[in-house]
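In short: position in the sequence shown from 1, add 1, done, that's the numbering used here. Just so you know, even glycine gets a beta-carbon here, dropped at the ideal spot from N, CA and C. Being a predicted model, the structure only gives us computed values, none of them experimental. Here's the structure we're looking at; comments come further down.
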Amino acid sequence: MKNIVILISGAGSNMAAIVQAAHQQRWSERLGIQISAVISNKAQASGLAWLQSCSEFADIQTEVLEHTQFASREDFDQALLKRIDVHAPHLVVLAGFMRILSPTFVAHYAGRLINIHPSLLPAFTGLNTHQRAIDAGCKFAGATVHQVTPELDHGHILAQAVVPVLAQDTAADLAARVLTQEHLIYPKAVLDFFKLEEASRQAM
Ligand code: GAR
């Protein structure tokens, strides 16, 4: 089995989209890909409660590792890395995981750590992406799935989705429109990651 570990901090709707796609498309039976664990840095993350409430996903472990319990970013990242590696992951998926990761952590998962960011990268790295897109007068906004590198919200782009910015949009309106697209592109990008890997393995 090829294991996936998903990291969240909040609502976890992208995590839910991936978990549901894996279930509906029978990734485990067809492709030998399974979601082993969802780990949150916040005990209150509603995504954890959602997952725990779904009996059909009972085989996915839910875990909490509170970053506030650690003296430094490096200490937290080391503890997180140990937790993740228990699952021997093929791929680590950041899904609304609102922590900057240390270079050591990123290097450990080089090539197998991906993120979704709510903008059309390379535009609008960082926070408040929707308000910034509105303020800049953008006619289009969107989301990007990318490989994680030590530089925040950079790294090879794996997938993007584009949505229009409408005249009366608030940041919340735009965020909701973008999020519906995130739920489509992220599961597909995860699957494509494994398909690409399999294709390059067969080409060797
Ligand atoms: C999503 O919009 C995701 O793109 C964003 O947080 C939201 C999480 O929603 N991620 C970032 O801003 C990362 N820098 P979710 O918890 O419902 O998946």
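*asked:* Less than 6 Å between C-beta atoms, sequence neighbours within five positions excluded: which residues of the same chain meet that for residue 29?
replied: 35, listed in sequence order.
*Please find out if some non-hydrogen atom of ligand 1 comes closer than 7 Å to the beta-carbon of residue 180.*
Judged by the Cβ position, residue 180 qualifies as a neighbour of ligand 1 at the 7 Å threshold, a heavy atom of the ligand being closer than this.
_Less than 8 Å between C-beta atoms, sequence neighbours within five positions excluded: which residues of the same chain meet that for residue 194?_
For residue 194, where only same-chain residues beyond five positions count, the Cβ hits under 8 Å are 92, 115, 159.
*Just to confirm, are residue 46 and residue 66 a CB contact at a threshold of 8 Å?*
The answer is no: Cβ separation not under 8 Å.
*asked:* Give the list of continuous beta strand (DSSP E) stretches no shorter than 3 residues that lie fully inside the region 58-112.
replied: Fully enclosed beta strand (DSSP E) runs of 3 or longer: 62-65, 90-95.
*Shortest alpha-carbon distance to residue 60 belongs to which of 38, 189, 50?*
Checked all of 38, 189, 50; the closest Cα to residue 60 is 38.
*Pick helix, strand or coil for residue 3, following the three-state DSSP scheme.*
If DSSP states are grouped into helix, strand and coil, residue 3 belongs with the strands.
*Examine ligand 1 and report whether any of its heavy atoms sits within less than 7 Å of the Cβ of residue 123.*
Checking the 7 Å criterion, the Cβ of residue 123 is out of range of every heavy atom belonging to ligand 1.
_Among 135, 140, 95, nearest to residue 216 - alpha-carbon criterion_ = Residue 216 lies beyond the range of the chain shown here (2 to 205); nothing can be said about it.
*When every heavy atom of ligand 1 is checked, does at least one fall within less than 7 Å of the C-beta of residue 24?*
Answer for residue 24: no, Cβ out of range of ligand 1.
_Start and end residues, beta strand (DSSP E) containing residue 35_ = Where residue 35 is concerned, the enclosing beta strand (DSSP E) stretches over 34-41.
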